[in-house]
């Protein structure tokens, strides 16, 4: 900078020593900015730097030497007449070399010991700032988002980034360099007046340049070393977030399935997917990225208050956007690097399923044959087809894929409890639709790679065949009177012969084993029950029919 000033002074002195006196000021524009938003007019207040020199190159004064600009109203006789004229029409950052004759400077009197009488004065002037007492806040919006559902109003709380500069472009502050937004209430005096005004009416995502005179900035005193007194301020602002302390949650973009037989209530357990973002669209979390739903009780404080509220009244399959103000989310502290303090949160939610711990299996009869004399009960051996899916329609499994029925004994814990419930009191040929809550299905763990934890299951079932089971507590019964010589008819001390005897009775129709189980395992169990001392033989003392037992056993 010093070299620049010296070179200008030398050139100015060498080229501007005319022998003929000046009649008026002479202006040479040594630098003109590409853009000139505003030119100095009479009555404006300006801040400028200058070097004052005589025609021989001798410096008599400099604002640079004092380390502060010269600040003054133009056209109010606060300057020598020549300078008053020379400043009119200047743009910020424009540079002029001005020659002023004596009669427009200090005339025949001069100025003390500094400026002799009848001196021509040369000034190298750089304009840094211009404003007028009538100025208000000037707003230049250079980006408007496609949608704007809400604008900043008085008492709103906003989060924004900014670059703050003087009118000549000198940067004095930036939230970007701190990597943290500026967070504040608007219109209640927490900001300088110009910023309080300039933020009103902004949309999230909007970018605007807010220019304010010092009367709406930091006034005559400025702010420390960065903002000089009487400085115009320019803020390049992007609004990231907006809410009001009175705000509740907002539910928008609802897409509700055509069929919605039930809506969630407090105490329900909900499985849902979500994408979480800030109000400006900045992504912070997603259940999809983890390939797993978020599972929680609602209305009981297990999630942030706004989500607790936003998940009430939803249908399975519904999609909705839930916008949550910070006082119903993570508050002033946020959650570290992902969610800043005082941030509004936006969740795009898809409800996969929900249930209540008090739910039982929901059974809907789709078809029932006209003649239904025989219904399933505990102990019956049943054969059925099923299509299994989750509540959102995701297919899990189907017996039709294997071309065979699924066969079980009712009451033997061979299927989940909800299926046991759904198969009871069915007729052959009957079709049912079952909705099974997880506590009657596969519980919190689910089935790896097949059924998610805490998932509600949907089964469409058809009973194909059934075989009546034995009375409860029996694994074998006689179809006719028992032979009085039963003990002699069996080879008691040989398990294989015992097995052959029982199988022969079954094959001859004289006895029946419980259906659906391995007959040889049943017979082995019967032998073990009769062989009470475990010596591998059945004695007369040990041998008893079930009717003779004091306590029930699965045996003869």
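Residue numbers (mature numbering (1 follows the signal peptide of the UniProt record, and there is no 0)): -17 to -1, 1 to 539.
Ideal Cβ placement from N, Cα and C applies to all residues, glycine included.
task = Hey, could you find the ends of the beta strand (DSSP E) residue 449 is sitting in?
result = 440 to 450
Inter-stretch contact (C-beta, 8 angstroms, three-pair minimum) for the region 479 to 495 and the region 395 to 412 = no
key: Cβ neighbour criterion (16 or more within 10 Å) applied to residue 409   = buried
Cα-Cα separation, residue 9 to residue 167 = 51 angstroms
query = Residues in its own chain within less than 6 angstroms of residue 200 by CB, not counting five upstream and five downstream?
reply = 175, 177, 216
request  = Please report how far the alpha carbon of residue 519 lies from the alpha carbon of residue 509, in whole angstroms.
outcome  = 12 angstroms
Euclidean distance between Cα positions of residue 171 and residue 182 = 12 angstroms
ask   = By a C-beta neighbour count over all protein chains shown, 10 Å radius and 16 as the cutoff for buried, is residue 589 buried or exposed?
value = Any property of residue 589 remains undetermined from this structure, which presents the chain solely from -17 to 539.
Local Cβ density within 10 Å of residue 523, reported as buried at 16 or more and exposed below that = exposed
inquiry  = If you follow the beta strand (DSSP E) that residue 509 is in, where does it begin and where does it stop?
reply    = Careful: residue 509 lies outside any beta strand (DSSP E), inside the alpha helix (DSSP H) at 502 to 513.
request  = Below 8 angstroms on the Cβ atoms is my guess for residue 219 versus residue 143; work out the distance and round it to an integer in Å.
outcome  = Not confirmed; about 10 angstroms, so no contact.
request  = Please determine if the region 225 to 242 and the region 279 to 295 are in contact, where contact requires at least 3 C-beta pairs separated by less than 8 angstroms.
outcome  = yes
request  = Return the chain-ordered ranges of every beta strand (DSSP E) run that is complete within the region 69 to 157 and spans a minimum of 3 residues.
outcome  = 78 to 83, 104 to 114, 121 to 126, 140 to 149, 154 to 157
task = Determine the DSSP secondary structure at residue 373, reduced to helix, strand or coil.
result = strand
ask   = Hey, would you say residue 288 sits closer than 9 angstroms to residue 326, going by beta carbons?
value = no
message = Counting C-beta neighbours from all protein chains within 10 Å, is the total for residue 51 16 or more, i.e. buried, or is it exposed?
response = exposed
ask   = Around the C-beta of residue 521, are 16 or more other C-beta atoms found within 10 angstroms, so that it is buried, or is it exposed?
value = buried
key: Any 3 or more C-beta pairs closer than 8 angstroms across the region 151 to 160 and the region 190 to 204   = no
ask   = Which value, in whole angstroms, describes the spacing of the CA atoms of residue 6 and residue 40?
value = 21 angstroms
ask   = Going by the beta-carbon positions, is the gap between residue 540 and residue 254 smaller than 9 angstroms?
value = Here the chain has residues from -17 to 539 only, and residue 540 is not among them.
query = From residue 527 to residue 495, what does the alpha carbon distance come to, in whole angstroms?
reply = 18 angstroms
task = Since I believe residue 299 is in contact with residue 251 (beta carbons under 8 angstroms), could you give me their beta-carbon distance rounded to a whole number of angstroms?
result = Between residue 299 and residue 251 the Cβ distance is about 11 angstroms, and since that is not below 8 angstroms, they are no contact.
query = Is the distance from the Cβ of residue 90 to the Cβ of residue 59 below 9 angstroms?
reply = no
query = At what residues does the beta strand (DSSP E) containing residue 45 begin and finish?
reply = 42 to 45
N-terminal and C-terminal residue of the beta strand (DSSP E) that residue 255 is part of = 252 to 261
ask   = If you draw a straight line from the alpha carbon of residue 115 to that of residue 28, how long is it in whole angstroms?
value = 6 angstroms
request  = Under 6 angstroms Cβ to Cβ from residue 390, same chain only, skipping five residues before and after it: list those, please.
outcome  = 366
inquiry  = Could you tell me the alpha carbon to alpha carbon distance between residue 388 and residue 489, rounded to whole angstroms?
reply    = 25 angstroms
ask   = Roughly how many angstroms separate the alpha carbons of residue 307 and residue 225, rounded to a whole number?
value = 11 angstroms
request  = Per DSSP, which residues does residue 221 bridge with? Please list them.
outcome  = 144, 190
request  = Could you check which residue in 404, 368, 361 has the C-alpha nearest to that of residue 345?
outcome  = 404
task = Would you identify the three-state DSSP class for residue 176, choosing helix, strand or coil?
result = helix
query = Alpha carbon to alpha carbon, what distance is there between residue 329 and residue 227?
reply = 15 angstroms
Pick from 459, 75, 269, 492 that is closest to residue 507, judged by C-alpha positions = 459
Nearest residue (CA-CA) to residue 304, options 333, 77, 103 = 333
message = In the DSSP output, which residue or residues are listed as bridge partners for residue 55?
response = 29
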